[in-house]
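A.B. asks:
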Amino acid sequence: ILQVCRAQPLRRGTKYGVFADMPGTASQMFTMGNIVQGSYKLTYLPFEDRANAVELTFQNALRDCLTMRQDEGQALKKDLLSRLAEFDSIVAEIENNTPALLEQKEIALNKRLAKLLERVELDPARLAQEVAILADKSDITEEVVRLKSHIQQFRNFMEEPKPVGRRLDFLLQEFLREINTMASKIN
103 ILQVCRAQPL
113 RRGTKYGVFA
123 DMPGTASQMF
133 TMGNIVQGSY
143 KLTYLPFEDR
153 ANAVELTFQN
163 ALRDCLTMRQ
173 DEGQALKKDL
183 LSRLAEFDSI
193 VAEIENNTPA
203 LLEQKEIALN
213 KRLAKLLERV
223 ELDPARLAQE
233 VAILADKSDI
243 TEEVVRLKSH
253 IQQFRNFMEE
263 PKPVGRRLDF
273 LLQEFLREIN
283 TMASKIN
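Residue 103 is where the sequence shown starts when you use our numbering, and the numbers rise one by one after that.
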């Protein structure tokens, strides 16, 4: 049967299988033309040519897949850098507005304290000291500097030819930490 069906036994470890070059369905294999030797003729490409065709098809598919990945990567890079530029401008805006925000907090604190302590005499030096401590706790300069550093690192990673997904993921986590710290200090 192996010869009639143009099949070859294949060994896979300790088990055997069959590779068959079949003319069609199983019922077509056992027709009179296939059973009588020499009466059924099919022309097949030689095995080497078939192997080359399979390899060529595989190589073409692999090349197309890599091209698609590169195109997708370039599109993602463009999108991420665009979003990063927008984020960078927001960080700059926060940095520029921080002094005014701290001044507003100081005025609001003074009003609240004045209202609470209308009948209590307050030492202006002590009040200034408390305002300075509050301003220090509200200072986000360090977080802004770190964010700017992270933004530049992100841009540098995007220019590397090798995969940087995990490093970008870690860097984005750092972005979130800095943003959360800023938010808690500003609030």
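We treat Cβ as the ideally placed atom computed from N, Cα and C, and that holds for glycine. Quick caveat: nothing in here was measured; it's all calculated off a predicted structure.
Mark residue 256 as exposed unless 16 or more other C-beta atoms lie within 10 angstroms of its C-beta, in which case mark it buried.
C.D. replies: Residue 256 is buried by the Cβ-count criterion.
A.B. asks: Let's test the definition: count the other Cβ atoms within 10 Å of the Cβ of residue 103 and tell me whether it reaches 16, buried, or not, exposed.
C.D. replies: Summary for residue 103: the model assigns pLDDT 45, below 50, so the residue's position carries little reliability; its value from the coordinates is reported in the next sentence. When all chains shown are included, residue 103 counts as exposed.
A.B. asks: Is it a yes or a no for the segment 211-227 touching the segment 157-175, going by three-plus beta-carbon pairs under 8 Å?
C.D. replies: Flag = no, the segment 211-227 and the segment 157-175 do not touch.
A.B. asks: Please confirm whether residue 193 and residue 247 have their CB atoms less than 8 Å apart.
C.D. replies: Going by C-beta atoms, residue 193 is not nearer than 8 Å to residue 247.
A.B. asks: Please report the distance separating the alpha-carbon of residue 174 from that of residue 275.
C.D. replies: Approximately 23 Å between the Cα atoms of the pair.
A.B. asks: Count the other CB atoms, across all protein chains shown, that sit within 10 Å of the CB of residue 209; report buried if there are 16 or more and exposed otherwise.
C.D. replies: Counting Cβ neighbours within 10 Å, residue 209 comes out exposed, since fewer than 16 surround it.
A.B. asks: How would you label residue 168, buried or exposed, when you count the other beta carbons within 10 angstroms and need 16 or more for buried?
C.D. replies: Exposed, because fewer than 16 other Cβ atoms sit within 10 Å of the Cβ of residue 168.
A.B. asks: Measure the alpha-carbon distance for residue 264 versus residue 237 and round it to whole angstroms.
C.D. replies: Cα-Cα distance, rounded: 44 Å.
A.B. asks: Use the C-beta contact count for residue 170: other C-beta atoms within 10 angstroms, 16 or more gives buried, fewer gives exposed.
C.D. replies: Residue 170 should be labelled exposed.
A.B. asks: Under the three-state reduction of DSSP, which class applies to residue 238: helix, strand or coil?
C.D. replies: Of the three classes helix, strand and coil, the one that applies to residue 238 here is helix, per DSSP.
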